Amino acid sequence: MTFFRAFPGVIGGTALIAALVPAMPAMASTTSTNMTVQTVVPNSCTLSNVVNIAFSNPSGTTITQTDNAGSVDVTCTNGGTYTVSANNGSNAVSGQRRMQSNRSGSTATLNYGLYTDTGRTNAFTTSSQLIGNGAAQTFSIYGRMPAQTATEAGTYVDTVQLTVSY
Numbered sequence: 296m297t298f299f300r301a302f303p304g305v306i307g308g309t310a311l312i313a314a315l316v317p318a319m320p321a322m323a324s325t326t327s328t329n330m331t332v333q334t335v336v337p338n339s340c341t342l343s344n345v346v347n348i349a350f351s352n353p354s355g356t357t358i359t360q361t362d363n364a365g366s367v368d369v370t371c372t373n374g375g376t377y378t379v380s381a382n383n384g385s386n387a388v389s390g391q392r393r394m395q396s397n398r399s400g401s402t403a404t405l406n407y408g409l410y411t412d413t414g415r416t417n418a419f420t421t422s423s424q425l426i427g428n429g430a431a432q433t434f435s436i437y438g439r440m441p442a443q444t445a446t447e448a449g450t451y452v453d454t455v456q457l458t459v460s461y
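Per our numbering, the sequence shown starts with residue 296, numbered consecutively.
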């Protein structure tokens, strides 16, 4: 007599137990870690749309105090800090900004000043720290040509370098 004939319920019982036990997947060991994903957006600035300062034309050689304004657009990354500065121009002497006659061989000059306020009390060298907003921000520059005497006729010019530092 064989085993299965002697114990006929063994096969059925074994099959029933096998059907009731859920299949267990074979497990392998695992471990986890975190990964950082990042980028750095640098502060960046540009200068554009410069509006030059042109003082009114005097009548004769006596110049009365004359005011005018110009501006420059500064575009910096949103949240980035920056300052705007101006040098003393191409013709300055001892810190005094001067326009020079463009006549060949001429040394004639006219004094002027640049300021950060409409009252023209704060000389413009470097602005206070400003914060960019991602769009063009207009930075106004106020000019004043004090009363003085012109020594010769002609066009007087100066070139001032504007710089944005960020």
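Where a beta carbon is used, it is the ideal one built from N, C-alpha and C, also for glycine. Values in this document were obtained by computation on a predicted structure and should not be read as measured data.
Same chain, Cβ closer than 6 Å to residue i, neighbours up to 5 away in sequence not counted
| i | result |
| --- | --- |
| THR446 | ALA403 |
| GLN395 | ASN386 and THR404 |
Whole-angstrom distance between residue j and residue i, CA atom to CA atom
| i | j | result |
| --- | --- | --- |
| TYR407 | GLY449 | 16 Å |
| SER423 | VAL379 | 8 Å |
| PHE419 | VAL336 | 30 Å |
| SER244 | THR331 | Residue 244 cannot be examined here, being either before or after the span of the chain that is shown, 296 to 461. |
| SER324 | GLN333 | 30 Å |
| ALA381 | GLN456 | 6 Å |
| ALA349 | GLY365 | 8 Å |
| VAL367 | ARG415 | 17 Å |
| MET322 | ASN329 | 22 Å |
| SER351 | SER389 | 26 Å |
| ALA387 | ALA430 | 33 Å |
| ASN363 | ASN417 | 15 Å |
| THR421 | SER327 | 53 Å |
Nearest candidate by alpha-carbon position, reference residue i, set the options
| i | options | result |
| --- | --- | --- |
| ARG398 | VAL336, VAL452 and PHE419 | VAL452 |
| GLN443 | SER422, ILE436 and LEU405 | LEU405 |
| TYR461 | ASN338, SER396, ASN352 and ALA323 | ASN338 |
| GLN241 | THR372, PHE419, ILE348 and THR421 | Nothing in the structure corresponds to residue 241, since the chain is present only between 296 and 461. |
| THR413 | THR458, ASN382 and ILE436 | ILE436 |
| ARG393 | SER327, ASN329, GLY438 and THR458 | GLY438 |
| TYR236 | SER389, TYR377 and ASN383 | What the structure shows of the chain is the stretch from 296 to 461, and residue 236 is not part of that stretch, so it cannot be assessed. |
| TYR434 | SER401, VAL345 and THR328 | First, the amino acid is wrong: residue 434 is Phe here, not Tyr. Minimum Cα distance to PHE434 is reached at VAL345. |
Own chain residues within Cβ distance below 7 Å of residue i, not counting five before or after
| i | result |
| --- | --- |
| SER385 | ASP453 and THR454 |
| THR341 | THR370 |
| TYR377 | CYS340, VAL369, CYS371, LEU425, GLY427, VAL459, SER460 and TYR461 |
| GLN391 | ASN406 |
Contacts around residue i, its chain only, beta-carbon distance under 8 Å, and the 5 residues preceding and following it disregarded
| i | result |
| --- | --- |
| PRO353 | THR359, THR361 and ALA445 |
| GLY375 | ASN338, SER339, CYS340, ILE426, GLY427 and TYR461 |
| ASN347 | GLY365 |
| SER401 | GLN395, GLU447 and GLY449 |
Task: the stretch 354-361 touching the stretch 435-442, judged by at least three CB pairs closer than 8 Å - done: yes
Open item on the list: Ignoring anything shorter than 3 residues, give me the beta strand (DSSP E) runs that lie fully in the stretch 422-452, in order along the chain.
Closed with: 431-440
TODO: For the stretch 332-379, list the beta strand (DSSP E) runs that are entirely contained and at least 3 residues long, ordered along the chain.
DONE: Entirely contained in the stretch 332-379, the beta strand (DSSP E) runs reaching 3 residues are, in chain order, 340-346 and 361-371.
Task: 3-residue-minimum beta strand (DSSP E) runs that sit fully inside the stretch 388-412, ordered along the chain - done: 393-396, 404-406 and 408-410
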